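Colleague: This is the structure, below, for whatever I ask next.
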Amino acid sequence: MSTEYDLNAIVPPYITDYLRSHISHDDAFLRGLEDYAAANDVPIIEPESARFLTVMCRIKKPKKILEVGTAIGYSALLMAKNTPKSCRITTLEYDEKMVRLARENIKSAGFSERIAVIEADAKDYLAYIDDESSFDMIFLDGPKAHYVNMLDECVRLLKKGGVLISDNILYKGMTADDNHVVRRKITIVKRLRAYIDALMAHKELQTAILPLGDGVTVSVKI
Ligand SMILES: C[S@@+](CC[C@H](N)C(=O)[O-])C[C@H]1O[C@@H](n2cnc3c(N)ncnc32)[C@H](O)[C@@H]1O
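To convert a position in the sequence shown, counted from 1, into this note's numbering, add 1390.
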C-alpha cells in the first residue's frame, strides 16, 4: 500500500503513519492489487478505511452487498474475503476497462461465483434493481457528485438494520470548510454537503460521520 502522504489529507501524516503501521496484512493477492493501483493511479479505498470495512463485514456478516464503484475489484474482493461464503456481492462500474480488469482479478482470485460485476452507470442503474429492502450492506464509492441523487434508491434497497457506508465524504477537507475548496471541485463539494445534510436529516437512517481516511459515513436503516 502506498505510504506517500497527501498533504491535503484530513488526518495529519504522523497519525496516518501510526495507523498504517498497525494495519498491515498478508493477503498476497490483495497486496498485488494495491501495488497495481498505486502504480497505475487507480483510486482504491485507503488502508484505514479498508480495515474499517473489513471489521464492518465481520460484525454485520452480510449475505447480500451492493457496491457502487468497482474499479479493479479491490474492495469487492476485500468484502468477499471477510463475509460468509453465502454472501453475494453486486458491484457497479461504468468504465469498460475497469470492468474487464475487475472481472479478471475476481476470476483469478476464485470469487466469480460470489461477485457479479455489472457494467452500468450507477446513477441510472440503481432504479432498475427491484429487490427492495434486500441488501444487508451498501458500499458507496462511485461518483461523489451523485451520492445525493442515489440516496433514496440506496435506502429503498437496504434492509431494515442494513448498513450504508459512503467513502470520501470529507473530500480532503473541502466538504467541511470553504477555505479548503479548490475552485474546480466546487460542484462536487456542494453536492457532498447536500449528501451529508440529507443523510443526517433522513428519517429512516441514523448516521455517524467518521474522519477516517478521506471521510466515511456509516448509516443504519432504522
Ligand atoms: C474510488 S473508485 C472505486 C474503488 C473501489 N471501490 C475500491 O476501493 O477498490 C471509483 C470508481 O467508480 C467508478 N464510477 C464513477 N462514476 C460512476 C458511475 N456513475 N457509475 C458506475 N461507476 C462509476 C469509477 O470509474 C471508478 O472506477
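Note that the Cβ used here is the ideal one computed from N, Cα and C, for glycine as well.
As the structure is a prediction and not an experimental result, all values here were calculated from the model.
Tell me which same chain residues have a C-beta within less than 8 angstroms of the C-beta of L1420, skipping the five on either side of it?
Modeller: Y1464, L1467, L1468, K1471
Colleague: Spatial neighbours of D1417 within its chain, please: C-beta separation below 6 angstroms, excluding the five flanking residues on both sides.
Modeller: none
Colleague: Assign R1339 to buried or exposed, taking buried as 16 or more other Cβ atoms, counted over all protein chains shown, within 10 Å of its Cβ.
Modeller: Residue 1339 lies beyond the residue range present for the chain, which begins at 1391 and ends at 1612; the question has no answer from this structure.
Colleague: Sort A1427, S1414, F1442 by Cα distance to I1599 and report the nearest one.
Modeller: Ranking the options by Cα distance to I1599, first place goes to F1442.
Colleague: How many angstroms separate the CA atom of N1539 from the CA atom of Y1585?
Modeller: Annotation: N1539 to Y1585 spans about 8 angstroms, alpha carbon to alpha carbon.
Colleague: Would E1438 and I1455 qualify as a contact pair, given that the criterion is a beta-carbon distance under 9 angstroms?
Modeller: No, the Cβ-Cβ distance between E1438 and I1455 is not below 9 angstroms.
Colleague: If we ignore side chains and look at the alpha-carbon of each, how far apart do A1535 and L1482 end up?
Modeller: CA-CA distance, A1535 to L1482, rounds to 16 angstroms.
Colleague: So A1517 and V1507 are supposed to be a Cβ contact under 8 angstroms. How far apart are they, rounded?
Modeller: Wrong, their Cβ atoms sit about 19 angstroms apart, outside the cutoff.
Colleague: Starting from the N-terminal side, write out each stretch of the alpha helix (DSSP H) that is 4 residues or longer and does not extend beyond the stretch 1438 to 1501.
Modeller: Taking only runs of at least 4 residues, the alpha helix (DSSP H) segments lying wholly in the stretch 1438 to 1501 are 1464 to 1471, 1486 to 1498.
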